[in-house]
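All remarks here apply to the structure that follows.
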Amino acid sequence: MNSTEKKYKWRREDYQENTKGLLMVHTGDGKGKTTSALGLMMRAAGRGLKCCMIQFMKARHDRYGEHESAEKLDIEVHTMGDGFTWDTKNPEQDRATARATWDLCVEKMRSGDYDLLVLDELVYVLSYQMLPLEEVLSEVRAVRAAQPALHIVVTGRNAPPELIQAADLVTEMRDIKHPFSTGISAQQGIEF
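FYI, in this note's numbering the residues of the sequence shown are 215 to 406.
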(Lines of atoms letter the chains of each structure in order from A and count residues from 1; the text may use other names and numbers.)
(Lines give C-alpha, C1' and ligand atoms only; values in the text may rest on other atoms or scores of the structure.)
Protein backbone atom coordinates (compact mmCIF):
# COMPACT_ATOMS: atom_id res chain seq x y z
CA MET A 1 0.00 0.00 0.00
CA ASN A 2 1.53 3.34 -1.08
CA SER A 3 1.20 6.63 0.82
CA THR A 4 -1.75 7.79 -1.30
CA GLU A 5 -3.62 4.54 -0.64
CA LYS A 6 -2.87 4.83 3.10
CA LYS A 7 -4.15 8.42 3.10
CA TYR A 8 -7.37 7.40 1.33
CA LYS A 9 -7.88 4.36 3.57
CA TRP A 10 -7.50 6.36 6.77
CA ARG A 11 -9.66 9.23 5.59
CA ARG A 12 -12.27 6.99 4.00
CA GLU A 13 -12.76 4.94 7.16
CA ASP A 14 -13.19 8.06 9.29
CA TYR A 15 -15.24 9.75 6.60
CA GLN A 16 -17.61 6.83 6.03
CA GLU A 17 -18.56 6.61 9.71
CA ASN A 18 -19.85 10.19 9.71
CA THR A 19 -21.24 10.57 6.21
CA LYS A 20 -24.60 10.05 4.56
CA GLY A 21 -24.04 9.62 0.84
CA LEU A 22 -26.14 11.81 -1.42
CA LEU A 23 -27.69 11.17 -4.81
CA MET A 24 -27.33 14.47 -6.66
CA VAL A 25 -28.82 15.35 -10.04
CA HIS A 26 -27.60 18.24 -12.20
CA THR A 27 -30.17 18.79 -14.94
CA GLY A 28 -31.74 21.54 -17.04
CA ASP A 29 -31.13 23.32 -20.34
CA GLY A 30 -28.37 25.60 -19.08
CA LYS A 31 -24.63 25.18 -19.22
CA GLY A 32 -22.75 23.91 -16.21
CA LYS A 33 -23.98 20.42 -15.32
CA THR A 34 -20.69 18.64 -15.97
CA THR A 35 -18.72 21.68 -14.82
CA SER A 36 -20.52 21.65 -11.48
CA ALA A 37 -19.83 17.94 -11.04
CA LEU A 38 -16.15 18.53 -11.85
CA GLY A 39 -15.97 21.27 -9.22
CA LEU A 40 -17.49 18.92 -6.68
CA MET A 41 -14.91 16.27 -7.55
CA MET A 42 -12.12 18.82 -7.20
CA ARG A 43 -13.36 19.72 -3.71
CA ALA A 44 -13.74 16.05 -2.74
CA ALA A 45 -10.28 15.14 -4.04
CA GLY A 46 -8.85 18.01 -2.03
CA ARG A 47 -10.27 16.33 1.07
CA GLY A 48 -8.66 13.03 0.15
CA LEU A 49 -11.80 11.39 -1.19
CA LYS A 50 -11.53 8.88 -4.01
CA CYS A 51 -13.41 10.15 -7.08
CA CYS A 52 -14.37 8.70 -10.44
CA MET A 53 -16.25 10.21 -13.39
CA ILE A 54 -17.73 8.08 -16.15
CA GLN A 55 -18.80 9.99 -19.25
CA PHE A 56 -21.50 8.39 -21.38
CA MET A 57 -21.64 10.64 -24.44
CA LYS A 58 -18.31 12.41 -24.91
CA ALA A 59 -16.20 10.61 -27.49
CA ARG A 60 -13.56 8.36 -26.01
CA HIS A 61 -10.99 9.47 -28.59
CA ASP A 62 -11.31 13.15 -27.57
CA ARG A 63 -9.32 14.70 -24.74
CA TYR A 64 -10.93 17.50 -22.75
CA GLY A 65 -9.51 19.94 -20.20
CA GLU A 66 -11.05 17.94 -17.38
CA HIS A 67 -8.86 14.96 -18.31
CA GLU A 68 -5.72 17.04 -17.80
CA SER A 69 -6.90 18.36 -14.42
CA ALA A 70 -8.15 14.97 -13.27
CA GLU A 71 -4.74 13.40 -13.77
CA LYS A 72 -3.15 16.06 -11.58
CA LEU A 73 -5.74 15.54 -8.83
CA ASP A 74 -5.69 11.72 -8.92
CA ILE A 75 -9.30 11.61 -10.17
CA GLU A 76 -10.29 8.72 -12.42
CA VAL A 77 -12.11 9.70 -15.64
CA HIS A 78 -13.50 7.18 -18.12
CA THR A 79 -14.74 8.70 -21.38
CA MET A 80 -16.73 5.92 -23.00
CA GLY A 81 -18.99 7.47 -25.63
CA ASP A 82 -19.03 7.57 -29.40
CA GLY A 83 -19.73 11.30 -29.40
CA PHE A 84 -23.00 13.15 -28.99
CA THR A 85 -25.60 10.92 -30.58
CA TRP A 86 -28.93 12.71 -30.68
CA ASP A 87 -28.77 12.54 -34.51
CA THR A 88 -27.56 8.97 -34.48
CA LYS A 89 -27.16 6.91 -37.60
CA ASN A 90 -26.55 3.71 -35.65
CA PRO A 91 -28.94 3.30 -32.69
CA GLU A 92 -27.86 -0.31 -32.08
CA GLN A 93 -24.25 0.81 -31.62
CA ASP A 94 -25.38 3.64 -29.33
CA ARG A 95 -27.34 1.20 -27.15
CA ALA A 96 -24.36 -1.17 -27.03
CA THR A 97 -22.06 1.70 -26.02
CA ALA A 98 -24.55 2.85 -23.37
CA ARG A 99 -24.78 -0.71 -22.01
CA ALA A 100 -20.98 -1.12 -21.86
CA THR A 101 -20.68 2.25 -20.11
CA TRP A 102 -23.45 1.36 -17.64
CA ASP A 103 -21.72 -1.96 -16.93
CA LEU A 104 -18.57 0.00 -16.00
CA CYS A 105 -20.68 2.27 -13.76
CA VAL A 106 -22.12 -0.76 -11.98
CA GLU A 107 -18.64 -2.22 -11.52
CA LYS A 108 -17.32 1.04 -10.06
CA MET A 109 -20.39 1.58 -7.85
CA ARG A 110 -20.27 -1.95 -6.43
CA SER A 111 -16.50 -1.95 -5.88
CA GLY A 112 -16.57 0.03 -2.64
CA ASP A 113 -13.41 1.82 -3.80
CA TYR A 114 -14.90 5.29 -4.25
CA ASP A 115 -16.40 8.08 -2.19
CA LEU A 116 -17.82 10.08 -5.12
CA LEU A 117 -18.94 8.79 -8.50
CA VAL A 118 -20.11 11.08 -11.29
CA LEU A 119 -22.25 9.45 -13.97
CA ASP A 120 -21.89 12.21 -16.53
CA GLU A 121 -24.56 12.44 -19.24
CA LEU A 122 -26.47 9.42 -17.90
CA VAL A 123 -29.70 11.41 -18.11
CA TYR A 124 -29.32 11.67 -21.91
CA VAL A 125 -28.98 7.90 -22.14
CA LEU A 126 -32.16 7.52 -20.08
CA SER A 127 -34.01 10.18 -22.11
CA TYR A 128 -33.19 8.39 -25.35
CA GLN A 129 -34.20 5.07 -23.75
CA MET A 130 -30.81 3.49 -24.38
CA LEU A 131 -31.05 1.97 -20.88
CA PRO A 132 -34.14 1.08 -18.84
CA LEU A 133 -34.77 3.71 -16.17
CA GLU A 134 -36.01 1.19 -13.60
CA GLU A 135 -32.85 -0.92 -13.98
CA VAL A 136 -30.69 2.14 -13.33
CA LEU A 137 -32.74 3.30 -10.35
CA SER A 138 -32.84 -0.19 -8.86
CA GLU A 139 -29.05 -0.54 -9.08
CA VAL A 140 -28.45 2.92 -7.62
CA ARG A 141 -30.81 2.14 -4.70
CA ALA A 142 -29.07 -1.18 -4.03
CA VAL A 143 -25.61 0.38 -4.11
CA ARG A 144 -26.68 3.22 -1.83
CA ALA A 145 -28.12 0.71 0.65
CA ALA A 146 -24.88 -1.30 0.64
CA GLN A 147 -22.60 1.77 0.76
CA PRO A 148 -24.42 4.48 2.69
CA ALA A 149 -21.50 6.97 2.49
CA LEU A 150 -21.16 6.86 -1.32
CA HIS A 151 -22.04 10.09 -3.13
CA ILE A 152 -23.38 9.75 -6.69
CA VAL A 153 -23.87 12.62 -9.14
CA VAL A 154 -25.93 12.17 -12.30
CA THR A 155 -25.87 14.83 -15.03
CA GLY A 156 -27.83 15.64 -18.17
CA ARG A 157 -30.85 17.53 -19.48
CA ASN A 158 -34.43 16.47 -18.83
CA ALA A 159 -33.98 14.26 -15.78
CA PRO A 160 -36.99 11.96 -15.48
CA PRO A 161 -39.36 12.57 -12.55
CA GLU A 162 -38.48 9.18 -11.04
CA LEU A 163 -34.79 10.12 -10.84
CA ILE A 164 -35.66 13.51 -9.38
CA GLN A 165 -37.84 11.80 -6.78
CA ALA A 166 -35.03 9.39 -5.81
CA ALA A 167 -32.44 12.18 -5.49
CA ASP A 168 -31.42 14.00 -2.32
CA LEU A 169 -30.37 17.11 -4.24
CA VAL A 170 -31.54 18.34 -7.64
CA THR A 171 -30.13 21.42 -9.32
CA GLU A 172 -31.67 22.73 -12.52
CA MET A 173 -29.33 24.74 -14.71
CA ARG A 174 -31.26 27.37 -16.64
CA ASP A 175 -30.05 29.12 -19.77
CA ILE A 176 -30.64 32.83 -19.23
CA LYS A 177 -27.96 34.09 -21.60
CA HIS A 178 -25.40 32.13 -23.60
CA PRO A 179 -22.67 33.38 -25.96
CA PHE A 180 -23.59 30.74 -28.56
CA SER A 181 -26.82 32.65 -29.28
CA THR A 182 -24.72 35.63 -30.41
CA GLY A 183 -22.48 33.52 -32.64
CA ILE A 184 -19.60 32.95 -30.21
CA SER A 185 -18.34 29.39 -30.51
CA ALA A 186 -17.41 27.12 -27.61
CA GLN A 187 -14.30 28.40 -25.86
CA GLN A 188 -11.36 26.15 -25.04
CA GLY A 189 -10.82 26.02 -21.28
CA ILE A 190 -14.41 27.12 -20.65
CA GLU A 191 -16.62 24.59 -22.45
CA PHE A 192 -14.07 21.89 -23.18
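Just so you know, even glycine gets a beta-carbon here, dropped at the ideal spot from N, CA and C.
Got a sec? Which residues, its chain only, sit under 7 angstroms from residue i by beta carbon, not counting five neighbours each side?
i	result
Q307	D296
V339	F270, A312 and L345
A400	F406
M255	C265, M267, I289, L330 and V332
Grab me the residues of residue i's own chain with a C-beta within less than 6 angstroms of its C-beta, minus the 5 sequence neighbours each way, in chain order.
i	result
M238	V367 and L383
L233	Residue 233 is actually Thr in this sequence, not Leu. Answer for T233: A363, listed in chain order.
S325	none
Based on Cα-Cα distance, which residue from the options lies nearest to residue i?
i	options	result
V332	L345, M344 and W316	W316
A273	L254, K247, E335 and G244	E335
H365	G260, K245, K247 and K264	K264
V330	R277, E348 and I289	The sequence as given places Leu at residue 330; Val does not occur at that position. Of the candidates R277, E348 and I289, the one whose C-alpha sits nearest the C-alpha of L330 is I289.
Q230	Q343, D327 and G244	D327
R343	R309, K322, L318 and S352	Reading off the sequence, residue 343 comes out as Gln, not Arg. The residue with the shortest Cα to Cα distance from Q343 is R309.
K322	K247, T302 and V354	V354
Suppose the cutoff is 8 angstroms on Cβ atoms and the five residues either side in sequence are ignored; what does the same chain contact list for residue i look like?
i	result
S341	G370, R371, N372 and P374
K245	M387, D389, H392 and E405
T302	D308
H281	V291 and T293
In whole angstroms, give me the CA-to-CA distance for residue i and residue j.
i	j	result
A314	D389	32 angstroms
L345	A312	7 angstroms
V350	V291	20 angstroms
E348	L318	18 angstroms
A259	P305	36 angstroms
H240	S352	19 angstroms
D492	T249	An answer regarding residue 492 cannot be provided, because it is not within the stretch 215 to 406 covered by the chain.
A381	M294	24 angstroms
R257	K247	16 angstroms
Short check: CB of residue i to CB of residue j, under 9 angstroms?
i	j	result
P362	G235	yes
E405	G242	no
L402	G279	One detail in the question is off: residue 402 reads as Gln in this sequence, not Leu. In this structure, G279 lies closer than 9 angstroms to Q402 by Cβ.
M271	L252	no
L377	V320	no
* To do: Please confirm if the stretch 348–366 is in contact with the stretch 384–396, defined as three or more CB-CB distances below 8 angstroms between the two stretches.
  => no
* Tell me, please, whether the stretch 362–378 touches the stretch 281–290 by the rule of three or more beta-carbon pairs shorter than 8 angstroms. => no
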